[in-house]
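Colleague:
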Amino acid sequence: MRVLPLDDTAAALETVGGKGASLARLARAGLPVPDGFHVTTDAYREFVAPFHDRILACLDEPAKIADLFARHEMPEETARAVMTAYQALGDDVPVAVRSSATAEDLPDMSFAGQQDTYLNVRGATLLDAVRRCWASLWTERAIAYRTRNQVSHDDVALAVVVQELVPADAAGVMFTANPVNGARDEIVVNAAWGLGEAVVGGQVTPDSLVIREGRVVEERVADKTVMTVRTPDGTAERPVPEERRRLPVLDEAQAVRLAGLGDRIQRLYGTPMDVEWAARDGELFIVQARPVTGLQQEVEEWNDSRRGDYLWTAGNLGEAIPDVMTPATWSFVQLFIHEAMSASTLPGFDLVGNIGGRFYMNLSITVSVARALGMGSRLSAVEQVFGKIPPGLDVPVVRVSRWKIIKAVLPMALRIRRRVAANLKGMPGFLATARRRNEELRARIDAVESPAELARLWERELLPYFVTACRMLEAAGRQGGATLVWTRDRLRRMAGELDAEAMLTGVNADGELASLGPITGLDRLARGEITRDEFARAYGHRGPHEFEVSAPRPGEDPAWIDAQLEGLSGAHTDTGELLRRQAAARDAAWARFAQRHPGKVGSMRARVARWNAVVRDRESTRSEVIRAFWALRAFVLKAGTLTGHGDDLFFLPVEEILDVLRGGRPSRVAVRRATYERYAALPPYPTLIVGYFDPVRWAASADRRADIYDARGLSVEAGDEVTGFPGAPGVVEGTARVIAGPEEGDRLKQGEVLVTTLTNIGWTPMFPRAAAVVTDMGAPLSHASIVARELGIPAVVGTGNATMRIKDGDRVRVDGERGTVEVLPSRG
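Okay, so the sequence shown: first residue is 363 according to the working numbering, each after it adds one.
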């Protein structure tokens, strides 16, 4: 049988494919499925029989297979049967022509999207659409998908479903179990204007509704910028009229009615289903349903971007916390922010957020406060700390009046100013005793014998110690006021960029700069000036994942020091020599400054000395905060040992860990562990995020950008040029080595250009091997800039697009003075 009615009982997987069999089942159950018919696998096999062997011989050349289909006419009897069934639908009825493979829409595997669909097909063009659907079984994508899933090419065949095309005014997708968190008692509906292709293809961000127990429990109305519409030639994307873009597509009654259909479909199949639907004048239609494949363990959504239309940045502190955080780490980080950065917040708004498990700061708060205080013209200082805001990006501000912001911020600023002044007096004493205090505290944690005793130790000693460390960092960061930003700008105006950057180095000369500590310490260790134990005690808390308490500290790994020494041995110039070279360049720059501005040398040296002191204090107190995180890790490990819950406690916030220590039971560990693993499997998110951001949907998009995501639908040009902040001056040509993480550091060979998303102290041992450093994230006060400048290594930071535009192995020219990176023509 070449053609079957849509609801025919003979419409099984082997005759009409997965999609066709599903639609037949839905139609027989009385669900609102548009009328249509199947072109069966028998018709396909009859068509390809004359050249099937040639298809299998050309699997590596899909274009030749497509040509075979184009050159063969459909058998006359098949063509007649198809057109007869089509004419029975009505006069010149527009139809959807959908591929339906025999290896498709199975419970353990989804071939969705591997073959083609054609919409708004009419008349005699139907035959060509059927033939093109058949040919789509042999595209490069479909062949590769079957190969990966070990489906024999010889066994597959393709049916085609022809259905009346619903002239939909709205359409979308429905999941009868929540695909975000795995909840089986929630139905999720995505809805947009027009036909459903814009939703399925990801061209539009749809409305999202969650229905539970017959009511809408969550709704997010998106700005729907485009929709798919019918045209005389098929379909096309068109802008959504302005007055409809932000209107909800479905009201609650419609959403609940649609969810009712979804519940019927799930009961029919006995498994959670992925359903495509359409609506016309309030009437609902089901156009496709397939089992949800790979429905995971229930997960939570960790996503503070839902709070509103704010600008979030992963710059600055996000570079130091580059990982997806466990719940324990996130709770400690929140405490850290509360104590160390409370002056930067606005009462009623959270300064930081957890987006898909990653750390972000709410830059809308900073911008709003600056504008309210009449400092809008000084927002360039914000960029020097957090990185560039792309031209054309309209920063959303918080919806609070200027007077309310001033009224809230000024009293808080006065209180913090007094606190900072008091803490600055105690800072030298704190820094002098911090290491010993940490070691003693970790020893006491290790000696605790009962859960209740550990809880008391947290309250009496560990929490006050951590709060003190955080407040010392707050004091160190605020003591310089505008020193860090304005000294650099003034010096560049007076001495030029190249000399200014040289004159600002030497932070390490009058006391150790913590960011350089690990490599200068390795040099001293290699020369026998310190012992291995001394090195481990000084630097064993620093590493690429130092905020994440579930990650072992480098000092816990006996092989760590040997690996560090081996990595440093790859540099042909030791760190000491690099520092001496930079010292010579600095002295020469000061000599030139003295010739040009003889009367200002003293005052400028004092200003730069102040710069250096502020940078050192910031780095030293930050290092001690990280050392405190080692004590926090020891606390959680001990809690897991004493309670018998092991590393499960990393998936609880500290308040719940304390509850377990006092006799409670841990809850939702499996859910949170699955949530953590889900987010950790995704690539790093964009540096800048505006509005609601779905990490899973973003990661699945072929067009995703690593620099910016704007939920408002506004487009900021990514640009082909790679430009950023001049991190450290100098011009270098070399081979680019694009490195995703410090664990790949051994790929960077001597004299290559390190290109990466971001760096933190865990990357420092690579710097002496690098001819230059280029980062997506960063600013003049970021880790990459400070360390590269001290070592005299050219750097360009905060480019936004370096890892998007530079390929591993490219020849590049890095100009650290101008802040540019040029990809050079291949020498071959």
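Just so you know, even glycine gets a beta-carbon here, dropped at the ideal spot from N, CA and C.
Skipping 5 residues on each side, what residues in its chain have a beta carbon closer than 7 Å to that of I699?
Modeller: So the list reads L713 and V714, once near-sequence residues are dropped.
Colleague: Would you report the Cα separation of E526 and V562, rounded to the nearest angstrom?
Modeller: The alpha-carbon atoms of E526 and V562 are separated by roughly 19 Å.
Colleague: Can you tell me where the beta strand (DSSP E) with F399 in it begins and where it stops?
Modeller: From DSSP, the beta strand (DSSP E) with F399 extends over G398 to V401.
Colleague: Would you identify the three-state DSSP class for M789, choosing helix, strand or coil?
Modeller: Three-state DSSP puts M789 in a helix.
Colleague: Can you tell me whether M414 is buried or exposed, with buried defined as 16 or more other CB within 10 angstroms of its CB?
Modeller: With the sequence shown as reference, residue 414 is identified as His, and Met is not the correct amino acid for it. With fewer than 16 Cβ atoms within 10 Å of its Cβ, H414 is classed as exposed.
Colleague: Run through DSSP, which three-state label would L825 get?
Modeller: Helix at L825.
Colleague: Using C-beta distances below 7 Å, list every residue in its chain close to Y672, excluding the 5 sequence neighbours before and after it, in chain order.
Modeller: Within the same chain, Y672 has close Cβ partners N724, S726 and P758.
Colleague: Can you tell me which of the three DSSP states V578 falls into?
Modeller: V578: strand per DSSP, three-state reduction.
Colleague: Give the single residue among G556, E548, G544 and R582 whose Cα lies nearest to the Cα of D625.
Modeller: Closest by alpha carbon: E548.
Colleague: Using the Cβ count rule (16 or more neighbours within 10 Å means buried), how would you classify S1029?
Modeller: Looking at its Cβ environment, which holds fewer than 16 other Cβ atoms inside 10 Å, S1029 is exposed.
Colleague: Using DSSP's beta-bridge definition, name the partner residues of R407.
Modeller: DSSP, once it has assigned bridges, lists no residue as partnering R407.
Colleague: Kindly indicate which residue of M687, I648, L646 and A947 has the alpha-carbon position closest to the one of T1037.
Modeller: Of M687, I648, L646 and A947, the residue nearest in Cα terms is M687.
Colleague: Evaluate K750 with the Cβ neighbour count: other Cβ atoms within 10 Å of its Cβ, from every protein chain shown; 16 or more gives buried, anything less gives exposed.
Modeller: By the 10 Å Cβ count, K750 comes out buried.
Colleague: Near G1113, which residues of its chain fall below 7 Å by C-beta distance, leaving aside the five closest residues on each side in sequence?
Modeller: Result list for G1113: G1096 and A1133, in chain order.
Colleague: For H907 and L835, I'd like the C-alpha separation in whole angstroms.
Modeller: The straight-line gap from Cα to Cα measures roughly 19 Å.
Colleague: Based on DSSP bridge pairs, tell me the residues matched to L520.
Modeller: Answer is A463.
Colleague: Please identify the residue among L735, A1157 and L630 whose C-alpha is closest to the C-alpha of A1141.
Modeller: Of the candidates L735, A1157 and L630, the one whose C-alpha sits nearest the C-alpha of A1141 is A1157.
Colleague: Please decide whether D453 counts as near chain D, where near means a Cβ-Cβ distance under 9 Å.
Modeller: In summary, chain D is missing from the structure at hand, where a single protein chain is found.
Colleague: From R806 to W692, what distance separates their C-alpha atoms?
Modeller: Answer to the nearest angstrom: the Cα atoms are 24 Å apart.
Colleague: Under a Cβ-count criterion, where at least 16 other Cβ atoms within 10 Å of its own Cβ denotes burial, should W952 be classed as buried or exposed?
Modeller: When all chains shown are included, W952 counts as buried.
Colleague: With contact counted as at least three CB pairs below 8 Å, one residue from each stretch, are the region 391-402 and the region 441-458 in contact?
Modeller: Yes: at least three Cβ pairs fall under 8 Å.
Colleague: Name, in chain order, the residues that DSSP records as bridge partners for I1070.
Modeller: Partner(s): L1050.
Colleague: With distance defined between alpha-carbon atoms, name the residue in E662, V637, D643 and W664 nearest to P653.
Modeller: For P653, the nearest C-alpha among the options comes from V637.
Colleague: Whole angstroms are fine: how far does the CA of A857 sit from the CA of R850?
Modeller: About 10 Å.
Colleague: If I'm right that T1119 touches P1046 with Cβ under 8 Å, what's the distance once you round it to whole angstroms?
Modeller: Going by Cβ atoms, the distance from T1119 to P1046 rounds to 6 Å, so yes, they are a contact pair.
Colleague: Quick one: grab the DSSP three-state call for G1089.
Modeller: It is a strand residue.
Colleague: State yes or no: is the C-beta of A838 within less than 9 Å of the C-beta of T983?
Modeller: Taking 9 Å as the Cβ cut-off, A838 and T983 qualify as a contacting pair.
Colleague: Quick check on T937: does DSSP put it in helix, strand or coil?
Modeller: Correct three-state label for T937: helix.
Colleague: List the endpoints of the continuous alpha helix (DSSP H) containing L388.
Modeller: Note, L388: alpha helix (DSSP H), L375 to R390.
Colleague: Just reading off the alpha helix (DSSP H) that G964 is part of, what are its end residues?
Modeller: Taken as a continuous stretch (DSSP letters only), the alpha helix (DSSP H) holding G964 covers V963 to T1005.
Colleague: What whole-angstrom Cβ distance do V1100 and K1169 have, given they're in contact under 8 Å?
Modeller: That belief holds up - the Cβ atoms of V1100 and K1169 are roughly 7 Å apart, short of 8 Å.
Colleague: Check for me: the beta strand (DSSP E) holding V649 runs from which residue to which?
Modeller: Looking at the DSSP string, the run of the beta strand (DSSP E) that includes V649 is E645 to P653.
Colleague: What does a CB cutoff of less than 6 Å around V977 pick up in its chain, not counting 5 residues either side in sequence?
Modeller: So the list reads V869, once near-sequence residues are dropped.
Colleague: To the nearest angstrom, report how far apart D470 and T655 are at their CA atoms.
Modeller: Reliability of the predicted coordinates at D470 is poor, the pLDDT of 43 falling under 50, and no value is obtained from them.
Colleague: Taking its Cβ as the centre, do 16 or more other Cβ atoms sit within 10 Å of T464, making it buried, or is it exposed?
Modeller: T464 comes out buried.
Colleague: Is it a yes or a no for the region 536-544 touching the region 627-641, going by three-plus beta-carbon pairs under 8 Å?
Modeller: Output reads yes: the region 627-641 touches the region 536-544.
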